[in-house]
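Residue numbers -20 to -1, 1 to 184, in mature numbering (1 follows the signal peptide of the UniProt record, and there is no 0), belong to the letters of the sequence shown in order. Idealized CB from N, CA, C, for every residue including glycine. Beneath this line is the structure, given in structure tokens, with notes to follow.
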Amino acid sequence: MQRLLSAAAAAAAAAAAADAAAADAAADAAGAAADAGGDDEMKAGGKRMQSKLSTVIAAAAATAAATAAATARTAAATTAETAETTAAATAAATAAETTASATAAATASATAATAATTAASATASAAAAATAAAAAAAATAQEQQQEQQQQEQQQVAAATPTAAAAAAAAAAATAAAAAATAAAAAQIHHHREDLEAAAGRCMQ
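Have a look at this one:
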């Protein structure tokens, strides 16, 4: 943009210089024509034309200078605006890059937090499952112990009458044996007395 403005300013200056040169040449020609003619009126007209051409040349030079100054100001403003635009674009790009970096960091942190939460949840689930398994095993062991105790109690309860009957039978058998022993002893004693009596009779 600045190169285009500089080229335009140079072209305007060249055109103004060409116009000034043409006007100067015309003024010289008018002056020469006035000098060549001997008429005073023609000389005066040539001088007036030369004066007008000088004014035109001065105006053209002033216009060229103003155009060059305006072009320079426009170029400076364009350069400043371009610099500001470039700086703003650079700042925006830097901010976007910073935002992207912050977003990436936040995303990484969120991903890590999610992974940690998932791991903690899995650990908690495993712990809950282990606790439930331990509770089930304890309940099963308690039920088995209760069933064993009930079976033992039932066995003891069932064996108690049998043992009592056996004890009663043993006592009855003992009593019968004692009675038989006593009867046998009585018979032996009776037979002994009979034998002693028979022996006494034999000795007589």
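Inter-residue spacing [alpha-carbon to alpha-carbon] between residue i and residue j
| i | j | result |
| --- | --- | --- |
| A177 | A166 | 16 angstroms |
| A153 | H169 | 24 angstroms |
| A119 | A149 | 45 angstroms |
| T79 | A67 | 18 angstroms |
| H114 | A96 | In the sequence under discussion, the amino acid at residue 114 is Ala, which differs from the His named in the question. Their backbone Cα atoms lie some 27 angstroms apart in a straight line. |
| A75 | A48 | 39 angstroms |
| T35 | A57 | 32 angstroms |
| Q128 | T161 | 47 angstroms |
| A69 | A88 | 28 angstroms |
| R172 | A163 | 14 angstroms |
| I37 | A52 | 22 angstroms |
| S101 | A73 | 41 angstroms |
| A106 | Q122 | 24 angstroms |
| T111 | A93 | 26 angstroms |
| C182 | A144 | 56 angstroms |
| K32 | A39 | 10 angstroms |
| A155 | T142 | 19 angstroms |
| A55 | A71 | 24 angstroms |
Any non-hydrogen atom of the ligand FAD within 7 angstroms of residue i CB
| i | result |
| --- | --- |
| I168 | In the structure on display, the ligand FAD does not appear, and there are no ligands present to speak of. |
Minimum Cβ-Cβ distance from residue i to chain C less than 8 angstroms
| i | result |
| --- | --- |
| Q130 | No chain C appears in the structure shown, which is made up of a single protein chain. |
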